[in-house]
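Input: a single structure, listed below in structure tokens.
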Amino acid sequence: MIDITPVTSNPSALVDSTTVSFTEFIKHEKPKSMTVAVIGLGYVGLPLSLQFARCGAKVLGLDVDTAKVEALTASQSYIKHIAPETIKTVVDDKSFIASTDFSLIRNVDAVIICVPTPLNKNREPDISYIIETGKALAPYLQKGTLVVLESTTYPGTTDEDLRSVIETHSGLKAGTDFHLAFSPEREDPGNPSSVVATIPKVVGGYTPACLKKAIELYSMAIKTLVPVSSCRVAEATKLLENTFRGVNIALVNELKIVYSAMGIDVWEVINAAKTKPFGFMAFYPGPGLGGHCIPIDPFYLTWKAREYGQHTRFIELAGEINTAMPDYVVHRIADALNDRSKAIKGSRLLIVGLAYKPNVDDERESPSYVLLEKLQNRGAEVAYYDPYVPVIKLTREHPQFAGMRSVSWDSDTLQSFDLAIIATNHSNVNYQQLSDWSNGIVDSRNAMSGLKTKAHQVWKA
Ligand SMILES: NC(=O)c1ccc[n+]([C@@H]2O[C@H](COP(=O)([O-])OP(=O)(O)OC[C@H]3O[C@@H](n4cnc5c(N)ncnc54)[C@H](O)[C@@H]3O)[C@@H](O)[C@H]2O)c1
237 MIDITPVTSN PSALVDSTTV SFTEFIKHEK PKSMTVAVIG LGYVGLPLSL QFARCGAKVL
297 GLDVDTAKVE ALTASQSYIK HIAPETIKTV VDDKSFIAST DFSLIRNVDA VIICVPTPLN
357 KNREPDISYI IETGKALAPY LQKGTLVVLE STTYPGTTDE DLRSVIETHS GLKAGTDFHL
417 AFSPEREDPG NPSSVVATIP KVVGGYTPAC LKKAIELYSM AIKTLVPVSS CRVAEATKLL
477 ENTFRGVNIA LVNELKIVYS AMGIDVWEVI NAAKTKPFGF MAFYPGPGLG GHCIPIDPFY
537 LTWKAREYGQ HTRFIELAGE INTAMPDYVV HRIADALNDR SKAIKGSRLL IVGLAYKPNV
597 DDERESPSYV LLEKLQNRGA EVAYYDPYVP VIKLTREHPQ FAGMRSVSWD SDTLQSFDLA
657 IIATNHSNVN YQQLSDWSNG IVDSRNAMSG LKTKAHQVWK A
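All letters in the sequence shown, in the order written, are residues 237 to 697 by our numbering.
Right, here's the structure in full:
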């Protein structure tokens, strides 16, 4: 199997391929060629497109974001862990083309949908991106084409919502005229040993023939496939995986507070517990949940469960605990400042790590934003440092921070803050320098463990 591990970045090798037309692209046959459209070229869709392209498929990448399409056409990457050379290879050998033109779907054997599935402002599922995509692809869908949804969502989205929108707008019938399937993505951003090709992939079909077709497609690019009996089982599997994570993180977050009150370090406890060779899996506490999956996906299930008169108490409780974690960190910041006869109001505070998890540039739903907001609301002067996020982009949730820039990493800058708050523990941050240069540290990630620090300098949170 071919993986898509990025190679060293070499921007000088960029070429302008904007003139390659789709007709020329499709004519440039490859052995065992299959044409796959991937809709939504983000953190999930782009690596998947590259994986298919490198395994012999012709890949048409579709996105509504023209900036992404232009970047890919010029072999540029907008995702940190995907090197431009990886894109250039598949653009140059005509395995991959990016476009905004949905009519090109007429020419493909399969369509894979990887669009966002956020929550709306009432924290309910927003599947409008899936519905819009269904409407956009339907007029061009040909008989016999396979449509696979990969976006994380509640059971029933594929065989109810997506099926009905495609059938209405195409006049074709799922299971008879076109194939329909669901296959959840299992991306692990920031984990260098996580490679699309080697992560087993669950696949569920609308009919047995749909499943067979989907297995045929994915077996081109993925080593291990896990067929299940329906789209709903595949959708429910993904929600179990993410709920499992959310609930277990809530458990250690709660234990962090309880053990801290007892004078026990929860990280030491977890490290000891994880030596048990069976029946235990280590999860780590933090300042709250972030990212596009764990804080969101379980609530897709909660919402759908109500339709069946069911309640998801574990999910609600875990959500409550995880959402309260930034308040706990603020409380510890107040303690640390109090120790220095200071208040939050008027203090200069530095958040270290804006991304929601280590070693990624993805700051969606990051609890660091919640910390910035809560501390600002209490009258602190707040800044952030993150080598992966030099400037904050405009977000729907926190538009007030758009344009804010990461401070520089030097002793003068760090000394100018009353406290540094470690919210994300990127491995390329020098925490010994942080100890040497900062006046005080509130550590929500145990990043200072084992380093030389001064007395009363570090407060775990
Ligand atoms: N990021 C992860 O680690 C991860 C892991 C597993 C599953 N997922 C799930 O995969 C899905 C996609 O997540 P992501 O992180 O790749 O999101 P993303 O925001 O990085 O990418 C989504 C892409 O879809 C595009 N898009 C939006 N509407 C569109 C439309 N109507 N037509 C075409 N393109 C459109 C956006 O421009 C964007 O490029 C979500 O359901 C998410 O929950 C994400």
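In this text, a Cβ means the ideal position worked out from N, Cα and C, and glycines have one as well.
Near ligand 1: residue i beta-carbon under 6 Å from a heavy atom
i	result
C467	no
L277	yes
H567	no
V351	yes
S387	yes
V606	no
C529	yes
Y365	yes
V280	yes
T369	yes
P425	yes
D301	yes
E306	no
E421	yes
Unbroken alpha helix (DSSP H) run spanning residue i, endpoints
i	result
Y620	Where Y620 is concerned, there is no enclosing alpha helix (DSSP H), although the beta strand (DSSP E) it sits in stretches over E617 to Y621.
I366	S364 to L373
K448	P444 to S455
G440	From DSSP, G440 is part of no alpha helix (DSSP H) but of the beta strand (DSSP E) over K437 to G441.
V327	P320 to D328
P283	G281 to R290
Proximity winner among the options, relative to residue i (alpha-carbon distances)
i	options	result
F519	I628, N682 and G297	N682
T389	S364, V383 and D299	S364
H662	G686, G278, K690 and P594	P594
V344	A509, L377, Y605 and F550	L377
T393	A560, I349 and P428	I349
S604	N574, S339, K578 and T559	T559
G454	C291, A691 and V305	The displayed chain sequence assigns Tyr, not Gly, to residue 454. Nearest C-alpha to Y454: C291.
A319	G297, A307 and E421	A307
I551	N484, L491 and D575	N484
A457	L286, I275 and H634	L286
V625	L355, T660, T649 and T336	T660
R641	Y620, I315 and H528	Y620
G555	K581, E543 and G524	G524
G462	E368, C446, V439 and G297	It is worth fixing the name first, because residue 462 is Val in this sequence and not Gly. Ranking the options by Cα distance to V462, first place goes to V439.
K448	V678, V464 and T649	V464
A579	Y544, G615 and R600	G615
L537	E360, D328, I275 and T302	E360
V351	D597, C529, Y564 and I628	C529
Y279	R422, N356 and V505	R422
I657	I628, A570 and A638	A570
A374	P534, V627 and I402	I402
Presumed contact (8 Å Cβ cut-off) between residue i and residue j, rounded CB distance
i	j	result
S419	A497	So it is not a contact: roughly 45 Å between Cβ atoms.
P436	T460	4 Å
V618	L630	18 Å between Cβ atoms; not a contact.
K294	T322	Not really, about 17 Å apart at Cβ, beyond 8 Å.
L573	D654	7 Å
S311	K324	4 Å
Y592	S602	4 Å
D395	R468	7 Å
Unbroken beta strand (DSSP E) run spanning residue i, endpoints
i	result
V383	L382 to L385
W735	Since the displayed the chain opens at 237 and closes at 697, residue 735 lies outside it and no answer follows.
A591	Careful: A591 lies outside any beta strand (DSSP E) and carries neither H nor E.
I233	This structure does not reach residue 233, given that the chain is present from 237 up to 697, and the question cannot be answered.
D575	Here D575 belongs to no beta strand (DSSP E); instead the alpha helix (DSSP H) covers R549 to D575.
T271	T271 to I275
K405	Before going on, a small fix: residue 405 reads as His here, not Lys. First-last for H405: R399 to S406, but that is the alpha helix (DSSP H), not the beta strand (DSSP E).
A310	Unbroken run through A310: none, as it is neither H nor E.
I580	From DSSP, I580 is part of no beta strand (DSSP E); its letter is neither H nor E.
G297	K294 to L298
P463	L461 to V464
V678	I677 to D679
L416	H415 to F418
A334	F332 to S335
I348	A346 to I349
I658	L655 to I658
Residue i CB to nearest heavy atom of ligand 2 below 6 Å
i	result
P594	As far as ligands go, the structure on display features ligand 1 and does not contain ligand 2.
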